[in-house]
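Comments concern the structure below.
Numbering (the UniProt record's numbering), first residue to last: 1 to 197.
And the structure:
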């Protein structure tokens, strides 16, 4: 089914804004044409927080990767301690993905990396969240570290910067110490594509 065909099979009937406090939560009622030729009325809620970008910083010389650790309230209320180990990431806001990820890298990790490469993009929770995430990798060097990082205090960020081997990070997926989807995807990408070889 092509994108054009899909658009012909959806008729938006009603859009209600349920919340516009932090980001936008909408309830949309629409008709959808099934493969059997029957139209069905459906309703779905979508959470629009904009699109984002994430990056795995890696060092061939040191055989290491840079990750972050910060408190995530939604994980906390779902039974996790809330401190998640992640790749550096942020929302695009009004920036293009490359500009965004360079800025986020500097704010969160203190590294100013020159060469970042987009490797893919993905919807992380397409059943309810509209966000598309742009995934990057970038090699870092010790001299790229310009400050401590830690995020922006004005945004309530308190980010710890971690440097570890790729193998140790991959092991942390198996132990459950790393359970963030975007981070798992980039670590596995690094292993599959032999970024540190």
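Don't be surprised by glycine CBs; every beta carbon is placed ideally from N, CA and C.
Quiz item: Looking only at C-alpha atoms, which of 75, 68, 125 and 77 sits nearest to residue 104?
Solution: For residue 104, the nearest C-alpha among the options comes from 68.
Practice problem: Would you be able to state if there are at least three C-beta pairs under 8 Å between the stretch 30-37 and the stretch 110-123? | Solution: The stretch 110-123 vs the stretch 30-37: no contact.
Exercise. Look at the Cβ atom of residue 110, then the Cβ atom of residue 146, and state whether they are nearer than 8 Å.
Key: Yes, Cβ-Cβ distance for residue 110 and residue 146 is below 8 Å.
Quiz prompt | residue 105, enclosing alpha helix (DSSP H) - first and last residue | solution = First-last of the alpha helix (DSSP H) with residue 105: 97-109.
Quiz prompt | Residue closest to residue 94, alpha-carbon to alpha-carbon, out of 78, 121 and 50 | solution = The closest CA to that of residue 94, considering only 78, 121 and 50, is found on 50.
Self-check item: Length of the line joining the Cα atoms of residue 96 and residue 139
Solution: Across the structure, residue 96 and residue 139 are spaced so that their CA atoms are roughly 20 Å apart.
Quiz item: Applying the criterion that 16 or more other CB atoms from any shown protein chain within 10 Å of the CB defines a buried residue, is residue 123 buried or exposed?
Solution: Looking at its Cβ environment, which holds fewer than 16 other Cβ atoms inside 10 Å, residue 123 is exposed.
Quiz item: Among all the DSSP beta bridges, which residues are the ones paired with residue 31?
Solution: BP columns for residue 31 point to 11 and 41.
Quiz item: Looking at residue 166 and residue 196, is the spacing between their C-beta atoms short of 8 Å?
Solution: Residue 166 sits close to residue 196, with the two beta carbons spaced by under 8 Å.
Self-check item: Where residue 11 falls, given that 16 or more other Cβ within 10 Å makes a residue buried
Solution: Answer is exposed; the Cβ neighbour count stays below 16.
Self-check item: C-beta atoms of residue 178 and residue 185 nearer than 8 Å
Solution: Taking C-beta atoms as the reference points, residue 178 and residue 185 fail to come closer than 8 Å.
Quiz item: With a CB to CB cut of under 6 Å and the five nearest residues on each side skipped, what residues in its chain are close to residue 18?
Solution: Excluding residues within five positions, the ones whose Cβ falls inside 6 Å are 25 and 27.
Practice problem: Ignoring anything shorter than 4 residues or poking outside the UniProt domain "Nudix hydrolase" (48-186), list the alpha helix (DSSP H) runs there in chain order. | Solution: Qualifying alpha helix (DSSP H) stretches, in chain order: 73-77, 97-109 and 166-175.
Quiz item: With 16 other CB atoms within 10 Å as the buried threshold, where does residue 152 fall?
Solution: By the beta-carbon neighbour count (other beta carbons within 10 angstroms, threshold 16), residue 152 is exposed.
Practice problem: State yes or no: is the C-beta of residue 31 within less than 8 Å of the C-beta of residue 45? | Solution: Result no, Cβ atoms of residue 31 and residue 45 do not sit closer than 8 Å.
Practice problem: Report all residues from its chain with a CB closer than 7 Å to the CB of residue 76; omit the five preceding and five following residues, and keep chain order. | Solution: 82, listed in sequence order.
Practice problem: Return yes when the Cβ of residue 8 is within less than 8 Å of the Cβ of residue 130, no when it is not. | Solution: Against a cut-off of 8 Å, the Cβ pair of residue 8 and residue 130 comes out as no contact.
Quiz item: Would the beta-carbon of residue 190 fall within 8 Å of that of residue 84?
Solution: No.
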